[in-house]
Amino acid sequence: MPKFIIMDTSLSLTRIKHLLNRYFIENWKKDLYVGLVLLVIAFASNPMAGFSGFVYMVMVLLYTGRIFGNLAHKESAQHYLMIPASTSEKLIVNLFLSHIYYVLLLLVFLVSGILLRAFILSPFCETFNCFSFLDAKKSMFSFSSYVSFLSFQSILAFGSVYFRKNAFIKTLLSIAAFFFFLVMLVIFIFRLNPDSLTPLMDQLSVIQESFMINRMLNYKTSFCMSTIISIVITCFFWILSYFRLRETEV
Amino acid sequence: MIEIKSIDFAYSKKQKLFQDLNLSMQSGHIYGLLGKNGAGKTSLLKILSGLRFPQKGSVEVLAYRAEFRKPEMLREIYFLPEEIFTPMLKIRQLTNVYASFYPNFSLEQYNAYLEEFDITNRDLYINKLSHGQKKKVLIAFALACNTKILLMDEPTNGLDIPSKSIFRKVMASAATEDRLVLISTHQVRDLHSLIDSIIILDNGEIVVNEPDERITQKLCFQAVDGDVDEKEVLYFEENLRGNLIVTENKHQIDSHLDLELFFNAVMANKKRIKEIFNA
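For the record, the sequence lines run as chains C and F. Counting from -8, one number per residue, gives the positions in the first sequence under my numbering. Counting from 92, one number per residue, gives the positions in the second sequence under my numbering.
Here's what the structure looks like:
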């Protein structure tokens, strides 16, 4: 037996099924209402403007940002942590819910709203293309953008297990603070010694140039790189979430 | 069944709640966990259920390390906290969602306990019930789970007078040889007839962990008229009928354990009582 157990390996499909069952029974109404709101927005807004697509993204992110919402209050956190399932099983269920279930569920309502609008408006406007939204937002549904979206989701999921209360806002603020700190650091270094950044900037422009050339020459390589980076970020934050959940005390 | 070995626990670095705490509990008992406010009763229950981690030492529950919260342990332990969480479910739905996590759950028992508590309409939403009603539903569920360990924090708080006696009745019927029940309470009179072993927690240490019989074997609880010999008395309380006293039971007198009196005696004369039990 290893002395230190880094990750518990207790995985049972039956318990995962029970956890999913629990989620659906407790939340189906809420999910339906949220979906209907999205359907109405998609129906009422102009698909070309992309407003409903933006609302869709925000809704999925909001959902993910509250994926460990049970931990927000002492009573519900105690209840959640005492459910007889391992940390990894709870994490897998939340991973499935945030990365697949919410994305698909809300997408169904979004597309339904767009189609409904198309069918109702088509007699009055023949040129209306019900799939124009999907065409216009093709990039939104591409694999690489989905993977980047997953990485952002994973950061929000980590935020929801880390911050507990007002996790979504706190996570966004933390991301903003991180980039602010990064920019301030660069400015500080530049102010301290204006010449110190010149070699770095030169190096960056060289990298950028070569990257652009590379990109033109080999689009696939850059696509693979960005996908791999997104997957690594996603995995990293879910692993962090696992440890945070395992160490959570109430 | 439960082994706590030399644990240290603190909420802040400055003040330790438990220091080198040891405790052992066996199945077939209903333990009463008593202590003053802030003594650490709820914290101890949380440590046992893996919701809090000790900074030092180990807590083994059914041979599992509590802090790992293994499903094999969690399915055999049910913790009913004082501040309960009620999911947005109907009373009958609770079993659809959570019963499957507990292998020994009995639907018949759940319904029978609900009947006992006079909860007949199973289509009510639990979160919309009164606090007492919520507690009754969760007590019924907790008992029907048939877990080997049942931890309850102030279970009678919020229950009306008839429900308290029903609680005692159902708890007595649910107590089995392979089950350990630990009830943390201030309402000693409510649970006096139920508890068969007493654990008293004070200043981060277990002052007493004894079965009822041993307490009455070592101490004598009496009501006396007139003056009392203060040298012999470990604790006394005046009441309308005279004095209630606790003395060392040197002459093997049969007396009835008065939990409140015993607790006050321990608080007033901790060192002496520890000596008596350790002798």
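Using N, Cα and C, we set each Cβ at its ideal position, and we do this for glycine too.
- Meets three-Cβ-pair contact criterion under 8 Å: the segment 277 to 292 of chain F and the segment 300 to 314 of chain F: In short, these stretches touch, since the Cβ pair count reaches three.
- Message: If we define contact as Cβ-Cβ less than 8 Å, is C/Ile16 a contact residue for chain F?
- Response: Position 25 of the first sequence, counted from the start, is the residue given in the question as residue 16 of chain C. Chain F has a Cβ within less than 8 Å of the Cβ of C/Ile16.
- Message: Using a 10 Å radius around the Cβ and a threshold of 16 neighbouring Cβ atoms, would you call F/Asp111 buried or exposed?
- Response: The sequence position of residue 111 of chain F within the second sequence is 20, counting from 1. Its Cβ having fewer than 16 others within 10 Å, F/Asp111 is exposed.
- Message: Which same chain residues end up closer than 7 Å to F/Lys161 when comparing Cβ atoms and leaving out the 5 residues on each side of it in sequence?
- Response: As a first step, residue 161 of chain F must be located in the second sequence, where it is residue number 70. Counting only Cβ-Cβ distances below 7 Å, and skipping sequence neighbours, we find Tyr155.
- Item | Spatially closest choice to F/Leu188 from C/Ile222, C/Pro75, C/Asn85 and C/Gly104, by CA coordinates | Taking the second sequence and counting its residues from 1, one reaches residue 188 of chain F at position 97. Looking at the sequence shown, residue 188 of chain F is not Leu but Val. Looking from the CA of F/Val188, the closest CA among C/Ile222, C/Pro75, C/Asn85 and C/Gly104 belongs to C/Pro75.
- Query: Do you know whose CA, among F/Glu151, F/Phe144, F/Leu273 and F/Gln313, lies nearest F/Pro172's CA?
  - Reply: One-based indexing of the second sequence puts residue 172 of chain F at position 81. If we check each option's Cα against that of F/Pro172, F/Leu273 comes out closest.
- Query: Are the Cβ atoms of F/Pro145 and F/Arg166 separated by less than 8 Å?
  - Reply: As a first step, residue 145 of chain F must be located in the second sequence, where it is residue number 54. As a first step, residue 166 of chain F must be located in the second sequence, where it is residue number 75. Going by C-beta atoms, F/Pro145 is not nearer than 8 Å to F/Arg166.
- Message: How far does the alpha helix (DSSP H) with F/Gln184 in it extend, from its first residue to its last?
- Response: Mapped onto the second sequence, residue 184 of chain F falls at position 93. Note, F/Gln184: alpha helix (DSSP H), Gln184 to Tyr189.
- Query: Taking Cβ to Cβ, would you say F/Leu335 is nearer than 8 Å to F/Val279?
  - Reply: On the second sequence, residue 335 of chain F is found 244 positions in, with the first residue counted as 1. On the second sequence, residue 279 of chain F is found 188 positions in, with the first residue counted as 1. Not in contact: F/Leu335 and F/Val279 (Cβ atoms no closer than 8 Å).
- Cutoff 7 Å; reference F/Ala130; Cβ partners in own chain excluding five residues on either side: To locate residue 130 of chain F, count along the second sequence from 1; it is residue 39. Taken in chain order, the residues that qualify are Leu292 and Asp293.
- What are the partner residues of F/Gly123, as DSSP defines its beta bridges? Your numbering for residue 123 of chain F matches position 32 in the second sequence. Note: F/Gly123 sits in a beta bridge opposite F/Ile274 and F/Ile289.
- Within 8 Å, strictly: CB atoms of F/Gly223 and F/Ser254: As a first step, residue 223 of chain F is located in the second sequence; it is residue number 132 there, counting from the start. As a first step, residue 254 of chain F is located in the second sequence; it is residue number 163 there, counting from the start. Here F/Gly223 is near F/Ser254, since their CB atoms are less than 8 Å apart.
- Item | Helix, strand or coil at F/Ala314 according to DSSP, with G and I counted as helix | Within the second sequence, numbered from 1, the residue matching residue 314 of chain F stands at position 223. Residue state for F/Ala314 is assigned as strand, using DSSP reduced to three classes.
- CA-to-CA distance, C/Tyr71 to F/Leu114, given in whole angstroms: Sequence index remark: in the second sequence, residue 114 of chain F carries index 23 (1-based). Sequence index remark: in the first sequence, residue 71 of chain C carries index 80 (1-based). F/Leu114 and C/Tyr71 have their C-alpha atoms roughly 27 Å apart.
- Query: What residues from the segment 52 to 84 of chain C come within 8 Å of chain F, judged by C-beta to C-beta, listed N to C?
  - Reply: For the segment 52 to 84 of chain C, residues whose beta-carbon sits nearer than 8 Å to a beta-carbon of chain F comprise His64, Lys65, Glu66, Ser67, Gln69, His70, Leu72, Met73, Ile74, Pro75, Ala76, Ser77, Thr78 and Glu80.
- May I ask you to list the residues that DSSP assigns as paired with F/Ser115? Taking the second sequence and counting its residues from 1, one reaches residue 115 of chain F at position 24. Here F/Ser115 is bridged, per DSSP, to F/Glu94.
- Using Cβ-Cβ distances below 7 Å, what residues of the segment 155 to 183 of chain F are close to chain C? Residues of the segment 155 to 183 of chain F with a C-beta less than 7 Å from any C-beta of chain C: Phe159, Arg160, Lys161, Pro162, Leu165, Arg166, Phe170, Pro172, Glu174, Ile175, Phe176, Pro178, Met179 and Leu180, listed in chain order.
- Message: Once DSSP output is grouped into helix, strand and coil, what is the label at C/Ala127?
- Response: For the purposes of this step, residue 127 of chain C is taken as the residue at position 136 of the first sequence. In this predicted model, C/Ala127 has a pLDDT of only 49, less than 50, meaning its place in the structure is not dependable; the value taken from the coordinates is given anyway. Reduced to three states, the DSSP call for C/Ala127 is helix.
- Task: For F/Ser140, count neighbouring C-beta atoms within 10 Å of its own C-beta (all shown protein chains included) and say buried if the count is 16 or more, exposed if not.
- Result: Position 49 of the second sequence, counting from 1, holds the residue named residue 140 of chain F. Under this definition F/Ser140 is a buried residue.
- If you measure from the beta carbon of F/Arg280 to each beta carbon in chain C, is any gap under 8 Å? The count along the second sequence starts at 1 and reaches residue 280 of chain F at position 189. Chain C contact via Cβ: absent.
- Between the beta-carbon of C/Leu231 and the beta-carbon of C/Phe149, is there less than 8 Å? Taking the first residue of the first sequence as position 1, residue 231 of chain C is located at position 240. Taking the first residue of the first sequence as position 1, residue 149 of chain C is located at position 158. Judged by beta-carbon spacing, C/Phe149 lies within the 8 Å limit of C/Leu231, meaning their Cβ atoms are closer than that value.
- Listed by chain order, chain F residues near C/Val241 by CB distance under 8 Å: Here residue 241 of chain C corresponds to residue number 250 of the first sequence, with the count starting at 1. Simply Lys137, Leu142 and Arg143.
- Item | CB-CB length for F/Glu94 against F/Glu151, believed under 8 Å | For this step, residue 94 of chain F is matched to residue 3 along the second sequence. For this step, residue 151 of chain F is matched to residue 60 along the second sequence. With 8 Å as the limit, F/Glu94 and F/Glu151 qualify as a contact, their Cβ atoms being about 4 Å apart.
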